[in-house]
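For reference, the structure discussed in these notes is given below.
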Amino acid sequence: MFEKFFYTARSVFLRQKKEREMDQELRFHVEMQIEENVRRGMSRAEARRVALTCFGGVEQIKEECRDVSWMRFVDALWQDVRYGLRILRKNPGFTFVSVLTLALGIGANTAIFSVIYGVLLKPLPYSDGDRLVVLHQKAPKAGLDNMPFSVKEILDYREQSQTLDAVVEHHSMAFILLGRAEAERVQTAVVSANFFDVLGVKPLLGRTFLPGDEHEGSDAVLVLSYKYWRESQGGDPNIVGRVFQMNNRPHTVVGVLPSIPQYPVESDVYMPTSHCPTRSSKEFIGDRRERMMSAFGRLKPGVTVEQAQADMSRIADNLQREYPEAYPENRGYGATLASLRDELTRRAKGTFLILLATAGLVLLIACANVANLSVARLLRREREIAVRTALGAGRGRLMRQLLTESTLLALAGGAVGLIFAGGGLHLLKSFATRFTTRADEISIDASVLLFTLAISVATGIAFGLMPLLASRESAFTALKDSGGRSTPGAGRQRLRSALLIAQVAVSFVLLIVAGLMLRSLMNLQSVDPGFDPENVLAMRINLNWSRYHRQQESSAFYKQLMDKVEAKPGVVSAALSSGYPLNQLGIIFSPTGQDFEIQGYPVADGGPPQQAMVRTASPGYFQTLGLPIEHGRAFTDSDNETAPRVAIINRSLARHRLSQDDPIGRRISFDRGASWLTIVGVAGDAKEFGLDREPADEVYTSFAQDPGGGNLLVRTTSNPESFAKVLREAVYEVDSETAVDRVQTLERVRSDSTASPRLTAILLGLFAILALIITATGIAGVMNLSVSQRTHEIGVRLALGATPGKVLAMVMRQGMTLVITGLLLGSVAALAISGALSSVLFNVEPTDPVTFVAVALLLLAAAAWSCFVPARRVTSIDPMSALRSE
Numbered sequence: 046m047f048e049k050f051f052y053t054a055r056s057v058f059l060r061q062k063k064e065r066e067m068d069q070e071l072r073f074h075v076e077m078q079i080e081e082n083v084r085r086g087m088s089r090a091e092a093r094r095v096a097l098t099c100f101g102g103v104e105q106i107k108e109e110c111r112d113v114s115w116m117r118f119v120d121a122l123w124q125d126v127r128y129g130l131r132i133l134r135k136n137p138g139f140t141f142v143s144v145l146t147l148a149l150g151i152g153a154n155t156a157i158f159s160v161i162y163g164v165l166l167k168p169l170p171y172s173d174g175d176r177l178v179v180l181h182q183k184a185p186k187a188g189l190d191n192m193p194f195s196v197k198e199i200l201d202y203r204e205q206s207q208t209l210d211a212v213v214e215h216h217s218m219a220f221i222l223l224g225r226a227e228a229e230r231v232q233t234a235v236v237s238a239n240f241f242d243v244l245g246v247k248p249l250l251g252r253t254f255l256p257g258d259e260h261e262g263s264d265a266v267l268v269l270s271y272k273y274w275r276e277s278q279g280g281d282p283n284i285v286g287r288v289f290q291m292n293n294r295p296h297t298v299v300g301v302l303p304s305i306p307q308y309p310v311e312s313d314v315y316m317p318t319s320h321c322p323t324r325s326s327k328e329f330i331g332d333r334r335e336r337m338m339s340a341f342g343r344l345k346p347g348v349t350v351e352q353a354q355a356d357m358s359r360i361a362d363n364l365q366r367e368y369p370e371a372y373p374e375n376r377g378y379g380a381t382l383a384s385l386r387d388e389l390t391r392r393a394k395g396t397f398l399i400l401l402a403t404a405g406l407v408l409l410i411a412c413a414n415v416a417n418l419s420v421a422r423l424l425r426r427e428r429e430i431a432v433r434t435a436l437g438a439g440r441g442r443l444m445r446q447l448l449t450e451s452t453l454l455a456l457a458g459g460a461v462g463l464i465f466a467g468g469g470l471h472l473l474k475s476f477a478t479r480f481t482t483r484a485d486e487i488s489i490d491a492s493v494l495l496f497t498l499a500i501s502v503a504t505g506i507a508f509g510l511m512p513l514l515a516s517r518e519s520a521f522t523a524l525k526d527s528g529g530r531s532t533p534g535a536g537r538q539r540l541r542s543a544l545l546i547a548q549v550a551v552s553f554v555l556l557i558v559a560g561l562m563l564r565s566l567m568n569l570q571s572v573d574p575g576f577d578p579e580n581v582l583a584m585r586i587n588l589n590w591s592r593y594h595r596q597q598e599s600s601a602f603y604k605q606l607m608d609k610v611e612a613k614p615g616v617v618s619a620a621l622s623s624g625y626p627l628n629q630l631g632i633i634f635s636p637t638g639q640d641f642e643i644q645g646y647p648v649a650d651g652g653p654p655q656q657a658m659v660r661t662a663s664p665g666y667f668q669t670l671g672l673p674i675e676h677g678r679a680f681t682d683s684d685n686e687t688a689p690r691v692a693i694i695n696r697s698l699a700r701h702r703l704s705q706d707d708p709i710g711r712r713i714s715f716d717r718g719a720s721w722l723t724i725v726g727v728a729g730d731a732k733e734f735g736l737d738r739e740p741a742d743e744v745y746t747s748f749a750q751d752p753g754g755g756n757l758l759v760r761t762t763s764n765p766e767s768f769a770k771v772l773r774e775a776v777y778e779v780d781s782e783t784a785v786d787r788v789q790t791l792e793r794v795r796s797d798s799t800a801s802p803r804l805t806a807i808l809l810g811l812f813a814i815l816a817l818i819i820t821a822t823g824i825a826g827v828m829n830l831s832v833s834q835r836t837h838e839i840g841v842r843l844a845l846g847a848t849p850g851k852v853l854a855m856v857m858r859q860g861m862t863l864v865i866t867g868l869l870l871g872s873v874a875a876l877a878i879s880g881a882l883s884s885v886l887f888n889v890e891p892t893d894p895v896t897f898v899a900v901a902l903l904l905l906a907a908a909a910w911s912c913f914v915p916a917r918r919v920t921s922i923d924p925m926s927a928l929r930s931e
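So my numbering is basically just the index in the sequence shown, starting at one, shifted up by 45.
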């Protein structure tokens, strides 16, 4: 096969040389026969005549030689390509419109496919990545689908599993890194020593962890992530061996990771479990209910996910029987696992597939549009094709020529589409980053180029065959008999009408999807978040906990900081809290609360536990956020560490747990009655975890009594961003080893919470607008051709007394009939797929009549204008000129 290909390629590029060699060889054999005949006694003329007679003609032999090789096919194809290029060059308008239309369709598909391939299809950049799995614990009766692991649980699964080669742990914490100009908060992944060995990750620089790095008393070491090394350390090639201070001890950098997707969150640095103060404590290790880790595993060779799932369920049942106090029946308990690939792309898959389907529909519209243009062009080439048919060109030969031209157009469209796709790659990466950590793997690589080539060739064949297969008579026999006649055959008329109807129907579906997403986004953005984000600045304060071992020390820091902040000019109010609304969208696990009980309201035997989200807040929290206290009071300075513990609940918890009873003065406990907090107020509901989610049950505790986390919130009289520098300086004045990050306004936080649906709506909207433009130009082209072909008929009508207005109405009516038919078919298709959109819409039905009517009117208006412009030409037709036109 390879030799044949090589010979064919050689024949194409060295054709003249090959012809000379074949000519010389044949002449040699003829001369040898002539000499043989002369030796037999013939005259030289007679000998030459007899030799040529025996050979049957040199040119005939050459043709036979060409026929037995691929050369004839390749030669004919090369002729078709050259002829096709000349034809396209002579029709620059048709070529430009066709290439641009196809480039938009192919470019959109190439761009989306680059995302699909990079995120969903590309093999994981790990050794045997398909064998990597993520373990999950669940407590379904308590509403927990992804419950973290404790150290003891990880050891149990590691020791008892019969289907996993290894089980490793991971959790993420924030520490202060010292050794640069300013203290820096680094998100630190705490992992098993063999974590990278199990994942099959080789370091870019240095090494990963060794078994000895996890031993108690070993030197503290760090491995840097690629992104942190590039962005924060400037890609220093000599970073290995550098020493930083963290947790009051030196940490040496031993390696740098390659650019790989991180799960479940992106981390800056990695450390072994023995160097994390929390993870290494004996109390934490010994308590089965101290859960904060994720668990990864690698399937043994030949083991399926289903077999491993059965193994996990068996171990979970054993643990529940052996440790009933750690796994109460009223919570339920189970264990599941999923492939790491699925976990990395779980949030992205649905949205990306919708975008791919949308891009595919745009390409379908582009194909239909170019096919209609091709039909119009065939009508203008009737005489040429009729002549070629009369000279002996068969149906297959003509079809091959026309398909070659359509493929050339598609390849040109694919090449331009690649430019469009490359230009939008940065936007798509930013979009994908919100769904998966695999976004950095998106690129225009060999697989994407191969996809573009394949889709270009397939597109060329598709829109090239459409007009050719309308009917045998309309494509060829009628062309032979046309003799210059311009009236199209019935087959081609039906084809053009069908293509136009299909374009309108598909465009309607795309516009409906985009319209529904836009309506959903508008509903989402109009949701009241429950607080006032205007002129509020938030920043995260990260204490070096190695210097703040006791509550009194951290309380003193925060008190001194608040005194300085509240004294700044332009500050209306300030507060400290463990978090703030809409800032929890990127948390590792699904939002989970703490078990609680309210005195006098016991949980029914065997019933699911009561849970609430718990947040600490200082006295100014509710005023700063604009979160109303609906009943009772807010926290005051007297609610300090020496006062009785108090709490504020939100309206949702009061409604769900206390019904119509007054909550003020009732007591709530989070440790099964060992200690109690008195409820002193009821706050309004805030959208904590997304504008599209119902408010969770929440409990606020006094920051002074329970300091945890440090988010500074400041309401200002003017632009809050202008206060960022002043507030940073205030923090550094109190303690220069404190890190400040996540400085952002709450208005920005609210906007970011809708970024994913907003970007999705924008992309779908762009595709829909593109489809509308292509369809409108297609309608205009078809109507323009129709008017041109009916010039004689229209001239007769005008000559017989028809007014231009009546003729205009007739042409408009015929065009709009096709458009309305397309709208009806599109409506049926849109209703059929509406169910698939339910999961991505917010407060809007997939069959929303407002959207359907608005889209129908928009498409009708665009179609009416596209019909009117060419139809208006009938009003300027001179009847006598029209009658003489044919």
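Using N, Cα and C, we set each Cβ at its ideal position, and we do this for glycine too.
Everything numeric in this text was worked out from a predicted model, so none of it was measured.
Nonlocal neighbours in the same chain, by C-beta distance under 6 Å from residue i, ignoring five residues either side
i	result
residue 185	377
residue 86	none
residue 348	208
residue 484	474, 477 and 478
From the options, residue whose alpha carbon lies closest to that of residue i
i	options	result
residue 333	261, 231, 192 and 155	192
residue 582	573, 617 and 561	617
residue 420	599, 540 and 314	540
residue 329	284, 221, 264 and 194	194
residue 211	190, 238 and 223	238
residue 320	298, 292 and 679	292
residue 456	179, 126 and 644	126
residue 626	555, 140 and 792	792
residue 737	584, 460, 644 and 800	800
residue 934	259, 344, 751 and 363	The displayed coordinates of the chain run from 46 to 931. Any statement about residue 934 would go beyond what the structure contains.
Buried/exposed call for residue i, threshold 16 Cβ in 10 Å
i	result
residue 113	Any reading at residue 113 must be qualified, since the residue scores a pLDDT of 47, below 50, and its modelled position is unreliable; no value is offered.
residue 914	exposed
residue 326	exposed
residue 463	buried
residue 743	buried
residue 763	exposed
residue 124	exposed
residue 878	exposed
residue 296	buried
residue 308	buried
residue 705	exposed
As assigned by DSSP and simplified to three states, the class of residue i
i	result
residue 397	helix
residue 241	helix
residue 756	strand
residue 691	strand
residue 828	helix
residue 619	strand
Any non-hydrogen atom of the ligand HEM closer than 7 Å to residue i Cβ
i	result
residue 828	The model depicted lacks the ligand HEM and carries no ligand whatsoever.
Contacts around residue i, its chain only, beta-carbon distance under 7 Å, and the 5 residues preceding and following it disregarded
i	result
residue 146	411, 414, 415 and 819
residue 409	551
residue 889	561, 564, 565 and 568
residue 701	742
Cutoff 8 Å; reference residue i; Cβ partners in own chain excluding five residues on either side
i	result
residue 219	230, 231, 232, 233 and 587
residue 149	407, 411, 462, 465, 815 and 819
Check: Just checking, does the region 394-413 make contact with the region 150-158 on the three C-beta pairs under 8 Å criterion?
Finding: The region 394-413 is in contact with the region 150-158.
Notebook entry, point to check: Is it true that the region 724-735 meets the region 602-616, where meeting means three or more beta-carbon pairs spaced less than 8 Å apart?
Noted result: Judged by Cβ distances under 8 Å, the region 724-735 makes no contact with the region 602-616, as fewer than three pairs qualify.
Item checked: Contact between the region 803-812 and the region 562-569 (3+ Cβ pairs under 8 Å) -> Flag = yes, the region 803-812 and the region 562-569 touch.
Next item on the list: State whether the region 543-553 contacts the region 855-865, with contact taken as three or more CB pairs (one from each stretch) at a distance under 8 Å.
Entry: Verdict: yes, contact present.
Notebook entry, point to check: Is there contact between the region 296-312 and the region 459-479, where contact requires at least three CB pairs shorter than 8 Å?
Noted result: Flag = no, the region 296-312 and the region 459-479 do not touch.
Notebook entry, point to check: Is the region 679-691 touching the region 712-723 in the sense that three or more CB pairs, one from each, lie closer than 8 Å?
Noted result: The region 712-723 vs the region 679-691: in contact.
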